[in-house]
Amino acid sequence: MTTQPTLERVAMAKAINLGLRRAMERDSKVMLMGEDIGPLGGVFRVTDALQKDFGDARVVDTPLAESGIVGAAIGLAFAGYRPVCEIQFDGFIFPAFDQITTQLAKVHYRSGGRVEMPIVIRVPYGGGIGAVEHHSESPEALFAHTAGLRVVTPSTPSEAFTMIQQAIASPDPVLFFEPKARYWDKEEIDTHADDAALGLIEGPDGVAPGVAGLERARVLTSGTDVTVAAYGPTVRTALTAARVAGEEGRSLEVIDLRSISPLDIDTVATSVTKTGRLVVVHEAPTFFGAGAELAAAVTERCFYSMQAPVLRVGGFHTPYPVANIEEEYLPSLDRVLDAVDATLGY
Amino acid sequence: MITTDTSGATPYSDTVGSHHPDTGSGSPDHTVQLLSPTGERITDAVYSARADHLDRAALEGLYRDMALTRRFDTEATSLQRQGELGLWPPCLGQEAAQVGSARALRPQDFVFPSYREHGVAWVRGVDMRQLLLLYRGREHGGWDARAHNYNVPTLVIGSHALHAAGYGMGIQRDGDVGTGDRDRDRAVVAYFGDGATSQGDVSEGMVFAAAVSAPVIFFCQNNQWAISVPAAKQSRIPLVHRGEGFGIPSVRVDGNDVIACYAVMAEALERAHSGGGPTFIEAVTYRMGAHTTSDDPTRYRSRAEEEHWRQRDPLARLRTHLESIGTGEDFFTALEAEAEQLGEDARSYCRALDKPDAESMFDHVYATPHSQIERDRAWFRDYQASFEDGVAR
Numbered sequence: 001m002t003t004q005p006t007l008e009r010v011a012m013a014k015a016i017n018l019g020l021r022r023a024m025e026r027d028s029k030v031m032l033m034g035e036d037i038g039p040l041g042g043v044f045r046v047t048d049a050l051q052k053d054f055g056d057a058r059v060v061d062t063p064l065a066e067s068g069i070v071g072a073a074i075g076l077a078f079a080g081y082r083p084v085c086e087i088q089f090d091g092f093i094f095p096a097f098d099q100i101t102t103q104l105a106k107v108h109y110r111s112g113g114r115v116e117m118p119i120v121i122r123v124p125y126g127g128g129i130g131a132v133e134h135h136s137e138s139p140e141a142l143f144a145h146t147a148g149l150r151v152v153t154p155s156t157p158s159e160a161f162t163m164i165q166q167a168i169a170s171p172d173p174v175l176f177f178e179p180k181a182r183y184w185d186k187e188e189i190d191t192h193a194d195d196a197a198l199g200l201i202e203g204p205d206g207v208a209p210g211v212a213g214l215e216r217a218r219v220l221t222s223g224t225d226v227t228v229a230a231y232g233p234t235v236r237t238a239l240t241a242a243r244v245a246g247e248e249g250r251s252l253e254v255i256d257l258r259s260i261s262p263l264d265i266d267t268v269a270t271s272v273t274k275t276g277r278l279v280v281v282h283e284a285p286t287f288f289g290a291g292a293e294l295a296a297a298v299t300e301r302c303f304y305s306m307q308a309p310v311l312r313v314g315g316f317h318t319p320y321p322v323a324n325i326e327e328e329y330l331p332s333l334d335r336v337l338d339a340v341d342a343t344l345g346y
Numbered sequence: 001m002i003t004t005d006t007s008g009a010t011p012y013s014d015t016v017g018s019h020h021p022d023t024g025s026g027s028p029d030h031t032v033q034l035l036s037p038t039g040e041r042i043t044d045a046v047y048s049a050r051a052d053h054l055d056r057a058a059l060e061g062l063y064r065d066m067a068l069t070r071r072f073d074t075e076a077t078s079l080q081r082q083g084e085l086g087l088w089p090p091c092l093g094q095e096a097a098q099v100g101s102a103r104a105l106r107p108q109d110f111v112f113p114s115y116r117e118h119g120v121a122w123v124r125g126v127d128m129r130q131l132l133l134l135y136r137g138r139e140h141g142g143w144d145a146r147a148h149n150y151n152v153p154t155l156v157i158g159s160h161a162l163h164a165a166g167y168g169m170g171i172q173r174d175g176d177v178g179t180g181d182r183d184r185d186r187a188v189v190a191y192f193g194d195g196a197t198s199q200g201d202v203s204e205g206m207v208f209a210a211a212v213s214a215p216v217i218f219f220c221q222n223n224q225w226a227i228s229v230p231a232a233k234q235s236r237i238p239l240v241h242r243g244e245g246f247g248i249p250s251v252r253v254d255g256n257d258v259i260a261c262y263a264v265m266a267e268a269l270e271r272a273h274s275g276g277g278p279t280f281i282e283a284v285t286y287r288m289g290a291h292t293t294s295d296d297p298t299r300y301r302s303r304a305e306e307e308h309w310r311q312r313d314p315l316a317r318l319r320t321h322l323e324s325i326g327t328g329e330d331f332f333t334a335l336e337a338e339a340e341q342l343g344e345d346a347r348s349y350c351r352a353l354d355k356p357d358a359e360s361m362f363d364h365v366y367a368t369p370h371s372q373i374e375r376d377r378a379w380f381r382d383y384q385a386s387f388e389d390g391v392a393r
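Quick note, the sequences are listed as chains C and R, same order. Under the numbering used here, the first residue of the first sequence carries the number 1, and numbering increases by one thereafter. Under the numbering used here, the first residue of the second sequence carries the number 1, and numbering increases by one thereafter.
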C-alpha cells in the first residue's frame, strides 16, 4: 500500500531533522548525542525541537568531548542502542579519530561478527561559508581509508532525508558527511514516504537499508562526452557545469557518488566506458583523495575505452585557507569547465 | 601497614604521593585492607561488613580462583617461551585484585577488560583456552562477549573506559538501576591500569559517567609499572585522587588482599545498582612478571623491589590464612591436581590450533555486504585459485 505523497519544500538541514524524527519514531533505540543538540537544536539547528519531543534521554547534550561522544556511543551500542552522534564541525572530529578508527570501525571484526555497531556519526563538512579555521574541512578520505566504516554524503534535501534514515537503519557504523554549504538549499520532499520508498527493507531485527540505498551512485544527467563524478557540496557545481557545457554543445554525464566507502565503481565505469573521459570533483585535497582512488579503479576497468587521463578538480595540498581566499581554493564552476575542456583536448 | 610511606624509611612506596597521610577508613588516603600480608584478618569500620559472610568455603573458592588463574597464566607464559604464542601479558601478582573484584559482580553486570584481566575472565566463566586465541594470532577477540557479559580485550590503553560509560548510560535507559531487584539492577566495570589513568579517554569516561551518575565502576589496578615507567612519573597525586576530581566516590584498596578487593567492589556495585552512580577504585598491587613476554623488567627495576613484593604475594597471604582457620593439606593437593589439568588442557588445545582459512580475513569487516570487501575477496579467491595447478599465472 502506498500513501499519498506529502510534499513539503524544505532546506537540507530541515530534511535531516525530519529524517532523524522519522528514525526515532520508527525505533525507540535510536538516540541522538552531541554538543548543543538539545534546547539549542545544534549549531545548524539540525536537531531542532527533537529534545522537546523525545526527551533528554533520547536527545543527549553531552559533555564537550568528541572522543567521549563516540566512545560512549560505542558502549551504548554494546547495550543495544543505535546512537546518532553529531560532531559540531568537520575539524573537531579528530579528538574522536582514535575511537572511530581503532574501536568503532573494528568492534564487529574483533568480535567475530558477534557485536554490531549501528552508529551514525553526522559531520557538517566542507567550506564556502566564510568560516574560521577547522570549520570548512573535508576529511572524508581519512575515514574511507579505514575498513569497517561506511562513508556517505548527500547532495540534496531529498537525498539527505532518505539517506539519514538508511544510515541509522544500517547495522554498520556510518560516517554521514553533511555538506554544510548546502544546508540551506531547498527542495520538495515527500515527508511521509513509506519504508519501501525510503529503500528500507523489513527484516527480523527491524528495517535495514537495501544494498542500493547506501552504496549506489546515481546518474543525474545522461551524457556522451565526459563523465563528471562529484559528491556532497560539489554535485550542484557539476550540474551547473553540465548545463553550461551543454549550451556549448558538450554533453556531460553527471554522477553523484553518494557513497565514498564503498565507491560505486560499477556505475562510474559503465559511464566512462561510454564517454571515455572522467573528471572527478571534490572539495577535499586531491592528493590521496577519493578522486585518486576513483581514477585508479576506473583506469583498471576502462583502459581500452578511455580517450584521456582521469582529471581531478579539488582542494590543494594545503590546510584549508583563510575565508577571504576560499573561493580560489574550492572547485569552482570555471575549474570544472576547464578540466572538461582539458580532458576533451586529448 | 604496607600502604602509605610517610617516613621515607622504606625503599619502596606502594602508592604515589606519599605526603598524603592515611587518616583512617572512609578517607581516600586510607588503603582498605581486610587480610594482612601475614594472613591475619583485619577489622575495618567501613568494609568488614561487606566480607563478613565469606566463610571458609567461600575463601577456599577465592583461593581456587586465584590458584587456577595463576596456573593458567604460568602455562601461557611457557607456551609463549616455547613459540606457541606470539605474545603473552602475564597477570602474575594481580590475581587477588582481579578475582576479588570479579567475584563481587552479579551475572548481569558487564565488564570491559584490558588485556591482562585473566583472573576476571576466569570468574566470568570464559573458557580460559579462548584467551590464547588472540595471542596465538588466530583471532582478534576469542569469545562471545554477551554470553559472559565479559568483552574481549581492548588493546588501545584506556579506550574502553568510555565504552563502559556509554554502556552504563544504556543500563540507565533500560531502567535497570535502582529497582531494588537484585536480579535486574546492573552495573558495568572498566578494568584498566595505572598507565591508563594518563589517557584522555579515561578522564572523559569519568566525566561522562559522573555527569549522569551512570552505574560504572572504574577499577584501576595500580601495578606500579606502565611497561617501564613507574606510576610516580605519571601522577603527582595518589591515583585514587583522580576520581575525586570528577566528583566520583573513590577508594584505595590493597590489591593483593582478595577479601578487601571483594569488599570494596561489593560496596561500589551496591552504589551503582541502587542508582548512586560511579565509583573509582585504585587497587594497589604489583605486576610480578614482565609487562609482556617481550619485555625485560631487569632494565628498569631492581631485584630487591621484586623481592619486596614477592613477600606480599596474594596467594601466599590467603593460603596462610586458610591454614590458620583449618583448611587441610588435602584441599591444596586436590587443587594442585586440578591446576595441572587446566595447564595440560591449555597446552594441548593451543598446540592443536590450526591456521585459519586465509579468506576469513574478509569476514565480519562489515555486518552487511560492502562492495569493496567483495571485490577484494573475489580478487584474492582468484589469486589463490591460480595456484591450484601448481603454476602461478
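Beta carbons: idealized from backbone N, C-alpha and C, even for Gly.
Endpoints, the alpha helix (DSSP H) within which residue i is located
i: Y329 of chain C; result: 326 to 329
i: R56 of chain R; result: 56 to 81
i: S48 of chain R; result: 48 to 51
i: H160 of chain R; result: 160 to 173
i: F161 of chain C; result: 157 to 169
Proximal chain C residues relative to residue i, where beta-carbon distance stays under 9 Å
i: Y135 of chain R; result: Within 9 Å Cβ-Cβ: nothing; Y135 of chain R doesn't reach chain C, min ~14 Å.
i: A272 of chain R; result: Correct list: empty, because the minimum Cβ distance to chain C is about 14 Å.
i: I171 of chain R; result: A79
C-alpha gap between residue i and residue j, whole angstroms
i: E187 of chain C; j: T6 of chain C; result: 13 Å
i: P230 of chain R; j: W379 of chain R; result: 49 Å
i: S332 of chain C; j: G289 of chain C; result: 18 Å
i: G158 of chain R; j: G200 of chain R; result: 8 Å
i: Y394 of chain R; j: L35 of chain R; result: As displayed, chain R neither begins before 1 nor continues past 393, which places residue 394 of chain R out of reach and without an answer.
i: P95 of chain C; j: D172 of chain C; result: 21 Å
i: Q384 of chain R; j: F92 of chain C; result: 43 Å
i: A141 of chain C; j: Q172 of chain R; result: 36 Å
i: S235 of chain R; j: E327 of chain C; result: 48 Å
i: F219 of chain R; j: R218 of chain C; result: 51 Å
i: S302 of chain R; j: Y150 of chain R; result: 35 Å
i: T279 of chain R; j: R182 of chain C; result: 46 Å
i: A233 of chain C; j: A15 of chain C; result: Strictly speaking, residue 233 of chain C in this sequence is Pro, with Ala absent from that position. So the two alpha carbons sit approximately 16 Å from each other.
i: L335 of chain R; j: G142 of chain R; result: 27 Å
i: F287 of chain C; j: T293 of chain R; result: 41 Å
i: P11 of chain R; j: R312 of chain R; result: With a pLDDT of 40 at P11 of chain R, under the threshold of 50, the modelled position of this residue cannot be trusted, and the question is left open.
i: T4 of chain R; j: L85 of chain R; result: No answer about T4 of chain R holds up, because its pLDDT of 37 lies below 50 and its placement is not dependable.
Partner residues on chain C for residue i, Cβ-Cβ distance less than 7 Å
i: E139 of chain R; result: G112
Neighbouring residues, chain R, relative to residue i (Cβ below 7 Å)
i: F78 of chain C; result: H163, Y167
i: V115 of chain C; result: A145
i: G68 of chain C; result: L162, E204, V207, F208
i: P63 of chain C; result: V207, F208, A211
Nearest-angstrom Cβ-Cβ length linking residue i and residue j, presumed shorter than 8 Å
i: P124 of chain C; j: E178 of chain C; result: 5 Å
i: I217 of chain R; j: M265 of chain R; result: 7 Å
i: P157 of chain C; j: A11 of chain C; result: 6 Å
i: A229 of chain C; j: L278 of chain C; result: 7 Å
i: T47 of chain C; j: L20 of chain C; result: 7 Å
Boundaries of the beta strand (DSSP E) in which residue i is found, first to last residue
i: Q372 of chain R; result: Per DSSP, Q372 of chain R belongs to no beta strand (DSSP E); it is in the alpha helix (DSSP H), 371 to 385.
i: V348 of chain C; result: Any answer about residue 348 of chain C is impossible in this case: the structure gives chain C only from 1 up to 346.
i: M394 of chain R; result: Since the first residue shown for chain R is 1 and the last is 393, residue 394 of chain R is missing from the structure and cannot be characterised.
i: S305 of chain C; result: Segment: none, S305 of chain C is in no beta strand (DSSP E) and carries neither H nor E.
i: K186 of chain C; result: 186 to 190
Interface partners of residue i on chain C, CB under 8 Å
i: V152 of chain R; result: R110, S111
i: V156 of chain R; result: D98, T102, Q103
i: S159 of chain R; result: G71, D98, Q99, T102, Q103
Contacts of residue i in chain R (Cβ-Cβ under 8 Å)
i: E215 of chain C; result: H370, S371
Please list the residues of the segment 167 to 193 of chain C that have a C-beta atom closer than 8 Å to any C-beta atom in chain R, keeping them in chain order. Taking 8 Å as the upper bound on Cβ-Cβ separation, chain R lies near residues S170, P171, D172 of the segment 167 to 193 of chain C.
Note down, in chain order, all residues in the segment 197 to 209 of chain R with a beta-carbon under 8 Å from any beta-carbon belonging to chain C. Residues passing the 8 Å Cβ filter: G200, D201, E204, G205, V207, F208.
Residues from the segment 24 to 38 of chain C in contact with chain R, defined by Cβ distance under 8 Å: From the segment 24 to 38 of chain C, only M31 have a Cβ closer than 8 Å to chain R.
Looking at chain C, which residues of the segment 354 to 384 of chain R have a Cβ within less than 9 Å of any of its Cβ atoms? For the segment 354 to 384 of chain R, residues whose beta-carbon sits nearer than 9 Å to a beta-carbon of chain C comprise D363, H364, V365, Y366, A367, T368, P369, H370, S371, Q372, I373, E374, R375.
Quick one: which residues of the segment 308 to 336 of chain C get their C-beta closer than 9 Å to a C-beta of chain R? List them in chain order. For the segment 308 to 336 of chain C, the beta-carbon criterion of a distance under 9 Å to any beta-carbon of chain R is satisfied by none of its residues.
Where the segment 239 to 264 of chain C meets chain R: residues whose CB sits under 8 Å from a CB there: Those would be S261, P262, L263, D264, in chain order.
Between the segment 146 to 166 of chain C and chain R, which residues of the former have CB atoms less than 8 Å from a CB of the latter, in chain order? For the segment 146 to 166 of chain C, which is checked against every Cβ of chain R, the residues closer than 8 Å are A147, G148, R150.
Note down, in chain order, all residues in the segment 210 to 231 of chain R with a beta-carbon under 7 Å from any beta-carbon belonging to chain C. Flagged, chain order: A211.
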